[in-house]
Structure formats: C-alpha cells, structure tokens
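Chemist:
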Amino acid sequence: MQMAATDSLDGFIQLAPITLDTKSEILRRLLDFEVRPSNFRDNFLDFNSYFSYYTVQCRDALHDGGRHISVRTHRDIIEIAQHLKNSTTRDSVKEILRSKIPHPKPANENELLDGSINLVARLLLMVEFGCLMYGFTGGRQIVWTANTLRECLAKYFAAPQLLEHKSVRLEKIFDARNLERIAGIRIQWTDNLSEHLSLVDNDRKVAIFHHASFLECQRKSTLFPAGLVDETLRTLALLLPGTDKETKKWFIKLSTFQKLDTKVIKCGRLKADDRRIENFQFWHDRLITLKELFDEAEPDTLTQWWCDRRRRVQWYTFWIAALVLALTIFFGVVQCIEGALQVYKAYNPS
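My numbering puts the sequence shown at residues 16 to 365.
1. Starting from the C-beta of VAL135, find all residues in its chain whose C-beta is less than 8 Å away, skip the five residues before and the five after it, and write them out in chain order.
2. Have a look at LEU30 and ARG201 and give me their C-alpha separation to the nearest angstrom.
3. Where do the ends of the alpha helix (DSSP H) carrying THR250 lie?
4. Going straight from the alpha carbon of THR21 to that of GLU49, what length do you get?
5. Report buried or exposed for PRO175, applying the criterion of at least 16 other Cβ atoms within 10 angstroms of its Cβ.
6. Here's the rule: buried if 16 or more other CB atoms are within 10 angstroms of the residue's CB, otherwise exposed. What is HIS225?
7. Taking all protein chains shown into account, do 16 or more other C-beta atoms lie within 10 angstroms of the C-beta of HIS118, making it buried, or fewer, making it exposed?
8. Could you tell me which residues DSSP puts in a beta bridge with VAL50?
9. Identify every run of the beta strand (DSSP E) within the stretch 120-152, keeping only runs that are complete inside it and at least 3 residues long; order them along the chain.
10. For ALA252, which residues of its own chain have a beta-carbon under 7 Å away from its beta-carbon, when the five flanking residues on both sides are left out?
11. Please identify the residue among LEU243, CYS146 and LEU254 whose C-alpha is closest to the C-alpha of ILE188.
12. Shortest alpha-carbon distance to ARG290 belongs to which of ASP190, LYS235 and ILE344?
13. Going by DSSP in three states, GLN29 sits in which element: helix, strand or coil?
14. Taking the CB atoms as reference points, tell me whether LEU238 and ARG165 lie closer together than 8 Å.
15. Grouping DSSP H, G and I as helix and E and B as strand, with all else coil, what is LYS220?
16. Alpha carbon to alpha carbon, what distance is there between ILE33 and ILE157?
17. Heavy atom of the ligand FMN less than 7 Å from the Cβ of ALA174, yes or no?
18. Just list the alpha helix (DSSP H) runs in the stretch 178-229, keeping only unbroken ones of 4 residues or longer that don't cross its boundaries, in chain order.
19. Any idea what DSSP makes of ILE116, helix, strand or coil?
20. Taking the alpha helix (DSSP H) that GLY257 belongs to, which residues open and close that run?
21. Could you please give the first and the last residue of the uninterrupted alpha helix (DSSP H) stretch that includes GLN97?
22. Out of ALA355, ILE303 and GLU313, which has the shortest C-alpha to C-alpha gap to SER182?
23. Under 8 Å, with one C-beta from each stretch per pair, do the stretch 104-116 and the stretch 37-51 reach the 3-pair mark?
24. Are SER64 and LYS274 close, meaning C-beta to C-beta below 8 Å?
25. With DSSP as the reference, label ILE84 as helix, strand or coil.
26. Pull the bridge partners of ILE157 from the DSSP assignment, please.
27. Measure the alpha-carbon distance for LEU214 versus ASP259 and round it to whole angstroms.
28. Is the separation between the beta-carbon of LEU168 and that of GLN72 shorter than 8 Å?
29. Can you tell me whether SER107 is buried or exposed? The criterion is at least 16 other CB atoms within 10 Å of its CB, across all chains shown.
30. Mapping the DSSP letters down to three states, classify GLU313 as helix, strand or coil.
31. Look at the alpha carbon of GLU110 and the alpha carbon of ALA161, and state the distance between them as a whole number of angstroms.
32. Consult DSSP for PHE345 and reduce its assignment to one of helix, strand or coil.
33. Would TRP298 and GLU246 qualify as a contact pair, given that the criterion is a beta-carbon distance under 8 Å?
34. Starting from THR70, trace the alpha helix (DSSP H) both ways and give me its first and last residue.
35. Going by the CB atoms, is the gap between SER236 and LEU60 shorter than 8 Å?
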C-alpha cells in the first residue's frame with residue numbers, strides 16, 4: 016500500500032526522485048504522451064532533462080515553506096493543467112481554485128492562486144510565466160493576466176517580422192558548433208522556450224531551447240500556435256545537424272557535463288530549400304539577428320583563424336602570410352645560430 020501511494024499522482028511534488036510510474040502518468044496526463052514504465056528508458060525520446068526541469072520548478076515554487084502556492088501534489092498540477100487545456104480563462108481557473116481553499120482564507124489568497132497557475136503553465140509549456148516570489152530566474156518572462164493560455168501564447172508569438180531577409184542565407188556552416196569556434200558566440204542551453212535564439216550577455220551568448228523530446232510530444236498541442244513546435248524543431252535541425260559527425264561529437268562531449276536532452280542531436284538535417292530564411296515565421300527575426308552577428312564576427316585567435324573558412328581567399332592569404340613569416344623567422348634564427356658558430360670557431364679554432 017505504501018509503494019502504491021508513492022507511485023501515484025497523489026505524491027507530494029517536493030518528493031524526489033519521482034518514480035517511473037509517476038513519471039509515466041505525468042507524461043500521459045500532462046503532456047498527452049503515452050509511455051509505459053517498463054519501456055520508459057527504452058523510448059526514443061529522452062525525458063530525463065524534462066523531469067529535471069519539473070523537479071526544479073516545483074522545488075522553487077515551494078520555497079519559504081510553500082506559502083506562495085496552493086499546489087501540493089502531482090494531481091493538483093494535472094487538474095489545473097486540464098482547465099488550461101480546456102481553454103478556461105485565467106480568472107475562471109482562479110475562481111475554481113479559490114473555491115477549494117478552506118476557511119479561514121489566507122491573507123495572500125490571490126498570490127497562492129496566481130503562483131499555482133503560473134507553475135502549472137510553466138510545466139505544461141516550458142515557458143516562463145510570471146515570476147517567482149523571492150526568487151530569480153534571469154530568463155525572458157511572458158506576462159499572462161487575463162484570457163486563456165492559448166490566447167496569451169498566440170499574442171506573444173504573433174509578433175510581426177521586422178527584419179528584411181533578402182540577403183540572408185543560412186549556409187551549412189551556420190550551426191551551433193561553428194557559432195562557438197568561429198564567431199566566439201557561446202551556447203547557453205535554456206529550459207525556457209520563449210528565450211530560444213535570443214542573444215544574451217551583451218550578444219556574447221545565444222540561448223538554445225534543447226528540449227526536443229518535449230517538443231515532439233507537443234506536435235499536436237492546441238495550446239501552441241499552429242506551426243510553432245515544428246518550426247522550433249527545424250531550428251534545432253539547422254543548428255544541430257544530426258548527420259554532421261563533428262557536431263555530434265561536440266554535443267556528446269557537452270552533454271556529459273550538462274543535463275541536456277539527447278534527442279536534440281537527432282532532429283535530422285535540413286535540405287537547402289528548408290534552410291531558406293523565408294521558411295521561418297516565428298523565429299525569423301532572431302535567426303536573422305544571429306546570422307548577421309555570425310557573419311560580422313572576425314577571428315580573434317589563431318584557432319578561430321584556422322576554423323573560419325567563410326572567406327576562402329582571405330583564409331588562404333592569411334595562412335600563406337603566416338607560413339612565410341614563420342619560415343622567415345626560422346631561417347633568420349638558423350642564420351643567426353650559424354653566424355654565431357662561425358664567430359666562435361674563428362676565436363676558438365682548436
């Protein structure tokens with residue numbers, strides 16, 4: 016009986032690790048993805064990174080003794096998520112939750128309700144909604160105060176395209192590995208979808224949403240705007256081409272030190288026609304900004320000079336000049352040594 020209670024959705028959200036039975040039930044009820052506990056680890060998708068995110072979000076929301084949310088069990092999360100998926104407005108969900116809070120009502124009742132709804136919205140969509148009281152996330156947040164969750168997302172991702180794309184070409188060389196080794200733009204792996212492809216830290220880092228397994232589960236979701244999930248997966252295939260051996264080796268090395276979704280390197284590779292910038296609607300402007308930054312970057316180190324072959328003539332010119340300089344210095348040193356030996360022999364003939 017104790018084991019059954021632990022494995023059910025009635026388990027407390029602060030308890031870790033979450034059992035395979037509970038994880039499978041959460042995936043089925045929250046993300047509408049069917050997976051049995053017996054083949055959870057054999058699945059072609061990798062949910063370890065998602066449940067790391069799930070655990071951290073629940074832990075942070077329960078800070079200060081859980082005084083800022085009413086959610087206590089996984090079942091509480093599932094029930095609120097069902098209201099959000101049914102297009103119930105935020106105010107209506109608050110009233111439903113309000114009716115379940117026992118008397119006497121706490122002084123921070125509205126804070127409890129908003130905190131609970133924001134937590135479930137994060138777990139449901141992996142988008143940063145609201146802010147944690149007495150906490151710091153540092154990510155890009157979406158403000159949702161009214162209407163349905165679907166309407167909020169539609170408004171946020173419906174931002175018009177402001178940048179021209181006539182001269183923008185997304186060549187094969189434009190990928191995450193080359194962003195680092197050629198342009199010096201570091202990759203900041205993010206759990207926040209709204210932060211995907213945004214530049215941070217004075218344009219020295221780019222955020223990449225790596226939860227490809229989560230996105231695969233959301234292909235048929237009606238909460239996200241139509242086409243957003245598929246397009247996001249295509250940006251991952253663009254930046255992390257799974258058929259490129261060097262990119263694969265680079266990612267595997269990175270993933271050994273970070274909890275990254277291994278599915279992200281298995282999204283395939285885009286054909287030439289699929290890499291056309293006009294095929295991207297939601298991430299259009301961020302891709303253009305990132306590509307322009309990549310094109311404008313000049314090598315600063317010898318390693319970057321060696322890796323940067325975007326301008327072949329310039330690359331050959333630089334390394335021929337470097338080779339000539341190196342040979343000149345080498346033969347100059349040889350002549351100096353030879354001259355010194357001749358002087359030494361002249362004064363010391365024996």
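Glycine included, C-beta positions come from ideal geometry on N, C-alpha and C.
Computed from a predicted structure; not experimentally measured.
Modeler: On the basis of the coordinates in this document:
1. VAL86, ILE92, ILE95, ALA96 and LEU99
2. 35 Å
3. 243-254
4. Unreliable placement is indicated for THR21, whose pLDDT of 42 sits below 50; no coordinate value is reported for it.
5. exposed
6. buried
7. exposed
8. According to DSSP, VAL50 bridges with nothing at all.
9. None, since the stretch 120-152 contains no complete beta strand (DSSP E) of that length.
10. CYS282, GLY283, ARG284 and LEU285
11. LEU254
12. Ranked by Cα distance from ARG290, the first of ASP190, LYS235 and ILE344 is ASP190.
13. coil
14. yes
15. strand
16. The alpha-carbon atoms of ILE157 and ILE33 are separated by roughly 28 Å.
17. With respect to the ligand FMN, the structure shown offers nothing to examine, as it has no ligands at all.
18. 191-196
19. coil
20. Secondary structure note for GLY257: it is in no alpha helix (DSSP H), with a DSSP letter that is neither H nor E.
21. Taken as a continuous stretch (DSSP letters only), the alpha helix (DSSP H) holding GLN97 covers 89-100.
22. ILE303
23. no
24. yes
25. coil
26. PHE144
27. 25 Å
28. no
29. exposed
30. coil
31. 13 Å
32. Under the three-state reduction of DSSP, PHE345 is assigned to helix.
33. yes
34. 63-76
35. No, they are not a contact pair.
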